[in-house]
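Novice:
2 protein chains.
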Amino acid sequence: MTTRVAVSAEPRARARRRASRGTAPASRSTGDDQETRSRLLKVSERLFADRGFKDVTVREICRAARANVAAINYHFGDKLGLYREVLQTATDAMRATNDAARRAGQGQPPEEKLRRYVLIFLQGLLASNYETLHRLIHREMNDPTPVLDAFVEQSVRPRVEYLAGIVAELIGGKPTDQRVLRCVASVHSQSITYLPNPIAARLGFHFKPTPSQIEEAARHIAGFSLAGIRAVGRKKSEV
Amino acid sequence: MTTRVAVSAEPRARARRRASRGTAPASRSTGDDQETRSRLLKVSERLFADRGFKDVTVREICRAARANVAAINYHFGDKLGLYREVLQTATDAMRATNDAARRAGQGQPPEEKLRRYVLIFLQGLLASNYETLHRLIHREMNDPTPVLDAFVEQSVRPRVEYLAGIVAELIGGKPTDQRVLRCVASVHSQSITYLPNPIAARLGFHFKPTPSQIEEAARHIAGFSLAGIRAVGRKKSEV
DNA sequence: ATTTGTATAAAACATCTGTTTGACTCGTGT
DNA sequence: ACACGAGTCAAACAGATGTTTTATACAAAT
Chain A
1 MTTRVAVSAE PRARARRRAS RGTAPASRST GDDQETRSRL LKVSERLFAD
51 RGFKDVTVRE ICRAARANVA AINYHFGDKL GLYREVLQTA TDAMRATNDA
101 ARRAGQGQPP EEKLRRYVLI FLQGLLASNY ETLHRLIHRE MNDPTPVLDA
151 FVEQSVRPRV EYLAGIVAEL IGGKPTDQRV LRCVASVHSQ SITYLPNPIA
201 ARLGFHFKPT PSQIEEAARH IAGFSLAGIR AVGRKKSEV
Chain B
240 MTTRVAVSAE PRARARRRAS RGTAPASRST GDDQETRSRL LKVSERLFAD
290 RGFKDVTVRE ICRAARANVA AINYHFGDKL GLYREVLQTA TDAMRATNDA
340 ARRAGQGQPP EEKLRRYVLI FLQGLLASNY ETLHRLIHRE MNDPTPVLDA
390 FVEQSVRPRV EYLAGIVAEL IGGKPTDQRV LRCVASVHSQ SITYLPNPIA
440 ARLGFHFKPT PSQIEEAARH IAGFSLAGIR AVGRKKSEV
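Listed in order, the protein sequences are those of chains A and B. By our numbering, the letter at position 1 of the first sequence is numbered 1, and the numbering carries on one by one without gaps. Here our numbering = 1-based position in the second sequence + 239.
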């Protein structure tokens with residue numbers, strides 16, 4: 001009895017109306033008129049990030065978005081449809097971070113590529129506008145919903161392959177070398193550790209994601225990792 | 240509407256009977272008689288680790304343990320009471336790992352202390368009998384239940400402080416130095432990355448937790464980290 | 001033999017869950 | 001003027017959920 005799969009994307013009768021988007025929705029008379037649909041997206045992003053897909057109720061989302069209970073089913077087919085759309089924006093944001101890191105590293109020596117990658121990744125991870133999206137993704141890691149597969153292919157794999165390329169360049173091995181993969185895991189894991197989490201908070205790790213603190217952390221990770229990678233490179237290659 | 244707090248440990252009428260434990264429960268007549276209580280503990284440990292506190296239903300647990308729906312409330316007061324007890328065994332296991340790591344490092348130079356710590360931690364993390372317990376804990380990191388505080392104090396803090404001591408010895412700083420704390424985070428994050436997770440699985444990271452693979456991974460983490468720590472130690476100390 | 005305490009079981013309870021329904025309000029196109 | 005579709009709403013639905021109740025079986029103590 002896991003996360004309740006709805007195989008077909010748009011399940012029921014209605015909710016296909018929104019096929020006709022872009023025909024100037026214009027404003028309607030009802031008071032505020034802030035496009036209920038986008039309010040639902042915005043509100044649910046935060047709620048899903050805070051507590052996960054299953055632990056957030058549609059009633060809660062709708063209350064927070066000042067919308068009717070039926071709004072989610074009307075606009076997104078069902079709860080999973082809404083979640084899918086929220087996670088798609090997360091995927092896009094992550095891909096944008098990937099591309100930015102790639103661009104920043106172009107023409108640079110591998111050491112500098114790694115430094116810039118870590119910094120940009122960390123900025124993307126902790127920048128206030130993206131932080132909820134990344135927490136969302138972190139949730140998928142522990143409680144995969146049917147959306148995870150698409151996300152891994154579109155976001156994680158390109159990122160890991162890029163990192164593997166850098167590391168391979170640094171230690172002079174194939175990107176599929178076990179040593180390379182372990183180094184990639186080491187770099188990546190250090191980065192995501194800086195996502196806010198309740199245990200760190202209880203330990204008194206008061207890491208404030210200000211630009212300068214983020215740079216500091218990025219410098220640490222890059223320096224730590226470059227030394228680590230070089231050390232690994234000095235050892236004999238394995239199968 | 241989070242995980243449903245039950246402030247008092249043993250909430251209702253019954254379930255305090257088990258105060259009188261140890262008076263030889265003996266066996267009763269009903270067929271198998273395998274101590275329903277311990278069956279519930281065993282079964283729910285796996286279920287909670289797989290899907291988290293909230294996503295597992297008491298009916299499911301009871302079905303898997305071949306017990307009545309009321310069994311949980313009878314033996315543990317309520318669902319959270321069962322969870323609390325399961326997590327207590329996890330805490331104990333983790334503390335045992337801590338102690339083992341400490342003993343193994345006694346009288347060793349700090350480099351060797353770190354190597355042994357990482358190995359023992361990883362063994363504890365991935366040994367088949369403890370693996371579910373650690374996944375359980377990993378869940379608390381993302382979705383804290385009321386049980387988290389006790390766990391952090393009893394397990395995580397001693398461990399982090401021990402690691403901080405080693406690192407401080409290596410780079411010659413105070414255990415509260417920012418550089419030290421960042422190194423601790425680096426070491427710890429690399430270790431927990433080796434817990435099985437769906438994203439790694441989808442990426443084709445087929446890490447089998449055999450003893451030799453675990454040793455391999457521990458060697459990597461220790462070597463990588465020692466080089467990293469030394470590099471950090473070469474830099475000027477910060478506030 | 002009776003009482004007492006422990007353990008189990010089936011059924012019921014109250015609440016919460018995602019979803020659906022049917023009515024109603026508008027603007028727009030004819 | 002009219003029909004139509006888009007969007008919203010209150011109410012209801014069916015199923016799941018944690019918990020409680022009531023009844024019963026049994027062993028040990030009295």
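Yeah, the Cβ is synthetic: ideal placement off N, Cα and C, and Gly gets one too.
#1: For E45 (chain A), collect the residues of the same chain with a Cβ closer than 6 Å to its Cβ; drop the 5 residues on either side in sequence, then sort them by chain order.
#2: Following the continuous alpha helix (DSSP H) through Q393 (chain B), name the residue where it begins and the one where it ends.
#3: If we ignore side chains and look at the alpha-carbon of each, how far apart do T336 (chain B) and K447 (chain B) end up?
#4: Is I460 (chain B) closer than 8 Å to S430 (chain B) when the C-beta atoms are compared?
#5: Could you name the residues of chain A that K293 (chain B) contacts, counting a contact when the two beta carbons are closer than 8 Å?
#6: Would you call the stretch 91 to 105 of chain A and the stretch 156 to 165 of chain A in contact, with 3 or more CB pairs under 8 Å?
#7: Does the stretch 178 to 194 of chain A come close enough to the stretch 115 to 124 of chain A that 3 or more CB-CB pairs lie under 8 Å?
#8: Is the Cβ of N381 (chain B) closer than 8 Å to any Cβ of chain A?
#9: List, in chain order, every chain A residue whose beta-carbon is nearer than 8 Å to that of L442 (chain B).
#10: Only counting the same chain, and skipping five residues up and downstream in sequence, which positions put a Cβ closer than 7 Å to that of L40 (chain A)?
#11: With a threshold of 8 Å between beta carbons, is P198 (chain A) in contact with chain B?
#12: Quick one: Cα of N436 (chain B) to Cα of M333 (chain B), how far?
#13: Going straight from the alpha carbon of R354 (chain B) to that of R59 (chain A), what length do you get?
#14: Starting from K42 (chain A), trace the alpha helix (DSSP H) both ways and give me its first and last residue.
#15: Below 7 Å on C-beta distance, what does T193 (chain A) contact in chain B?
#16: With DSSP as the reference, label T328 (chain B) as helix, strand or coil.
#17: Runs of 3 residues minimum, wholly inside the stretch 104 to 152 of chain A: which ones carry the beta strand (DSSP E) assignment?
#18: Run through DSSP, which three-state label would K293 (chain B) get?
#19: With burial defined as no fewer than 16 other Cβ atoms inside 10 Å of the residue's Cβ, what is the status of R473 (chain B): buried or exposed?
#20: Comparing alpha-carbon positions, which option in B:E455, B:V391, B:Q345, B:G411 lies nearest F205 (chain A)?
#21: Could you check which residue in A:Q213, A:V232, A:S225 has the C-alpha nearest to that of A127 (chain A)?
#22: What do you get for E552 (chain B), buried or exposed, if any count of 16 or more other CB atoms within 10 angstroms of its CB means buried?
#23: What do you get for G291 (chain B), buried or exposed, if any count of 16 or more other CB atoms within 10 angstroms of its CB means buried?
#24: Compute the Euclidean distance between the alpha carbons of V308 (chain B) and L319 (chain B), then round it to the nearest angstrom.
#25: To which residues of the same chain is A49 (chain A) closer than 6 Å at the C-beta, ignoring the five residues directly before and after it?
#26: Cβ of F463 (chain B) less than 8 Å from any chain A Cβ?
#27: Give the interface partners of G467 (chain B) over in chain A, defined as CB-CB distance under 7 Å, in chain order.
#28: Note down the Cα distance separating A227 (chain A) from A470 (chain B), rounded to an integer number of angstroms.
#29: Comparing alpha-carbon positions, which option in A:V43, A:S38, A:K54 lies nearest P144 (chain A)?
#30: For K79 (chain A), which of helix, strand or coil comes out of DSSP?
#31: Would you say V147 (chain A) and V167 (chain A) are within 8 Å of each other, going by their C-beta atoms?
#32: So, at 7 Å on beta carbons, what are the nonlocal neighbours of E169 (chain A) in its own chain, with the 5 sequence-adjacent residues on each side left out?
#33: Do we get a CB-CB distance below 8 Å when we pair D92 (chain A) with the residues of chain B?
Specialist: According to the structure shown:
#1: Excluding residues up to 5 positions away in sequence, V86, T132 lie with their Cβ nearer than 6 Å to the Cβ of E45 (chain A) in the same chain.
#2: Segment: none, Q393 (chain B) is in no alpha helix (DSSP H) and carries neither H nor E.
#3: Straight-line Cα distance between these residues: approximately 21 Å.
#4: Going by C-beta atoms, S430 (chain B) is nearer than 8 Å to I460 (chain B).
#5: Chain-order list of chain A residues neighbouring K293 (chain B): K54, D55, by C-beta distance under 8 Å.
#6: Contact annotation: the stretch 91 to 105 of chain A touches the stretch 156 to 165 of chain A, with at least three C-beta pairs closer than 8 Å.
#7: Yes, the stretch 115 to 124 of chain A is in contact with the stretch 178 to 194 of chain A.
#8: Answer yes: the Cβ-Cβ gap between N381 (chain B) and chain A drops below 8 Å somewhere.
#9: Here the neighbours are V152, V156, R157, V160.
#10: Counting only Cβ-Cβ distances below 7 Å, and skipping sequence neighbours, we find I61, A65, A67, A71, I72, H75, L82.
#11: Taking a beta-carbon distance threshold of 8 Å, P198 (chain A) counts as an interface residue toward chain B.
#12: Pairing N436 (chain B) with M333 (chain B), the inter-Cα distance amounts to about 20 Å.
#13: One Cα belongs to R354 (chain B), the other to R59 (chain A), and the distance between them is close to 51 Å.
#14: Counted as a single uninterrupted DSSP element, the alpha helix (DSSP H) harbouring K42 (chain A) occupies residues 36 to 51.
#15: Neighbours of T193 (chain A) on chain B, chain order: A424, S428.
#16: Annotated three-state conformation of T328 (chain B) is helix, per DSSP.
#17: Taking only runs of at least 3 residues, no beta strand (DSSP E) segment lies wholly in the stretch 104 to 152 of chain A.
#18: When DSSP states are grouped into helix, strand and coil, K293 (chain B) belongs to the coil group.
#19: Looking at its Cβ environment, which holds fewer than 16 other Cβ atoms inside 10 Å, R473 (chain B) is exposed.
#20: F205 (chain A) has its Cα closest to that of B:V391, out of B:E455, B:V391, B:Q345, B:G411.
#21: Restricting attention to A:Q213, A:V232, A:S225, the CA atom closest to the CA of A127 (chain A) is found in A:Q213.
#22: Nothing can be reported for residue 552 (chain B): it is not among the residues displayed for chain B, which extend from 240 to 478.
#23: Buried, since its Cβ has 16 or more Cβ neighbours within 10 Å.
#24: The alpha-carbon atoms of V308 (chain B) and L319 (chain B) are separated by roughly 15 Å.
#25: Once the five neighbours on either side are set aside, the close Cβ partners of A49 (chain A) are T132, R135, L136.
#26: At least one C-beta of chain A is nearer than 8 Å to the C-beta of F463 (chain B).
#27: Residues of chain A passing the Cβ test: F224, S225, A227, G228.
#28: Between A227 (chain A) and A470 (chain B), the C-alpha separation is close to 6 Å.
#29: Of the candidates A:V43, A:S38, A:K54, the one whose C-alpha sits nearest the C-alpha of P144 (chain A) is A:K54.
#30: Annotated three-state conformation of K79 (chain A) is helix, per DSSP.
#31: If you check the CB distance, V147 (chain A) and V167 (chain A) do not come in under 8 Å.
#32: Shown here for E169 (chain A): same chain residues with a beta carbon closer than 7 Å to its own, the five before and five after excluded, namely P110 in chain order.
#33: The beta carbon of D92 (chain A) does not come within 8 Å of any beta carbon belonging to chain B, so the residue lies off that interface.
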